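Participant: Residues 1 to 236 in full-length UniProt numbering are what the sequence shown lists, from first letter to last.
For each residue, glycine too, the CB sits at the ideal point set by N, CA and C.
The structure presented is a predicted model; accordingly, all values stated were derived computationally and were not measured.
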Amino acid sequence: MGWWLLVIFIVLILWIIYSAWPTFWTRVCKHSMQTTGLPDTVSLTFDDGPNPVYTPRLLDELKAQDIKATFFVLSERAQEYREIVERMLEEGHDVQVHGSRHWFVPLLHPFAARMQCVGAARALQASFCVTPHVYRPTWGAANLASLFFVRRSGMRLCTWNVMVGDWRNTEPEELVRRIVGKLENQSIIVLHDSDHTFGAETGAPENVIRAIPAISEAVRSRGLRFVRICDCLGES
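1) Just checking: is the beta-carbon of Thr35 within a distance shorter than 8 Å of some beta-carbon in chain B?
2) Is Ala69 near the ligand ATP, in the sense that its beta carbon is under 7 Å from a heavy atom of that ligand?
3) With DSSP run on the structure shown, which of helix, strand or coil describes Tyr18?
4) For a quick check, are the C-beta atoms of Ser127 and Gln116 less than 8 Å apart?
5) With three or more beta-carbon pairs closer than 8 Å as the criterion, would you say the segment 182–200 touches the segment 30–50?
6) Just to check my reading of the structure: Asp193 and Tyr54 have Cβ atoms closer than 8 Å, yes? What is that Cβ distance to the nearest angstrom?
7) Based on Cα-Cα distance, which residue from Ala112, Phe104, Phe149 and Leu74 lies nearest to Ala95?
8) Is Val105 near Ser146, with beta carbons less than 8 Å apart?
9) Using CA atoms only, rank isn't needed, just tell me which of Ser153, Arg77, Ala141 and Val176 is closest to Val219.
10) Helix, strand or coil: how does DSSP classify Arg77 here?
This is the structure:
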C-alpha cells in the first residue's frame with residue numbers, strides 16, 4: 001500500500017510540474033501578455049476560427065465599424081477556409097496562432113504541444129506568407145513543453161483580461177454589459193467567432209456579431225482606440 005501511495009504522489013507531483021503549474025504561471029501569475037501596453041487602447045481578439053458561417057459576417061461588421069482586430073486561428077481550419085484568412089489579412093486584421101486543432105494543451109505530450117504552437121505558426125507562414133509571433137493556447141492553458149517551445153521560438157504568449165462567456169448563447173446586450181463592466185485602459189478582450197469547439201453553444205457567435213456596434217461605441221466613448229496585437233509589439 002505504501003508503494004502505491006508513493007507512486008500516486010510522484011505522478012501528482014509530475015502532473016503539477018508539467019501541466020498545472022505552467023497554466024497557473026501563465027494566467028494567474030500573469031507571465032503572458034494580458035494588456036496592450038499602449039495607453040488609451042483596447043485590443044479586440046477572436047479565438048477558434050475561421051468559421052465559414054460566422055467569420056465572414058463578423059468581418060463585415062468589423063469593416064462597418066472600422067475596427068482592426070486580431071484573430072487567433074487554428075491552422076487546420078485556416079487551411080480549410082483559406083479565403084477567409086486571406087480576407088482577414090487583406091482587410092488589415094492581425095492573424096496569430098491559437099493552435100493546429102482545439103486540443104487541451106496540458107494533456108498533450110511534448111511533440112503534440114510543439115505542433116500546437118511552433119507547428120501551427122509554420123503552417124500559417126507557409127500558407128499565407130505571414131510570420132506569427134504570438135501564441136494564445138486553447139482555453140488559455142499551457143504545459144511545460146509548450147512554454148519551452150514558445151520561448152525557444154521567440155514567440156510571445158498572449159491571454160486576455162476581459163472574458164465574458166460569449167461561447168454560451170447570451171444576448172448581445174448582456175455581452176456588452178459584461179464587457180463594459182470589465183473594460184479598462186489597455187484591455188485585451190477575447191471573443192469567439194466559432195461554435196464548433198467543445199463547450200461552445202450552437203449559434204453563440206451570432207450574438208457576438210450583433211454586439212460589435214455597441215462594443216465599438218462603448219470603447220470609443222471612453223476615448224480609447226482599437227489596436228491589433230501586432231501593433232502592441234511594434235509590428236505592422
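Facilitator: Taking the definition as stated:
1) The structure shown contains no chain B; it holds only a single protein chain.
2) As presented, the structure is devoid of all ligands, the ligand ATP included, so that no description of it is given.
3) In the sequence shown, residue 18 corresponds to position 18, counting from 1. Three-state result, Tyr18: helix.
4) As a first step, residue 127 is located in the sequence shown; it is residue number 127 there, counting from the start. As a first step, residue 116 is located in the sequence shown; it is residue number 116 there, counting from the start. No, they are not a contact pair.
5) yes
6) Walking along the sequence shown from the start, residue 193 turns up at place 193. Walking along the sequence shown from the start, residue 54 turns up at place 54. So it is a contact: roughly 5 Å between Cβ atoms.
7) For this step, residue 95 is matched to residue 95 along the sequence shown. Correcting the residue identity first, residue 95 is Val in this sequence and not Ala. Here the closest residue by C-alpha is Leu74.
8) One-based indexing of the sequence shown puts residue 105 at position 105. One-based indexing of the sequence shown puts residue 146 at position 146. For Val105 and Ser146, yes; Cβs fall inside 8 Å.
9) The residue given as residue 219 occupies position 219 in the sequence shown. When each option's Cα is compared against that of Val219, the closest is Val176.
10) For this step, residue 77 is matched to residue 77 along the sequence shown. In this structure, Arg77 counts as helix in the three-state DSSP scheme.
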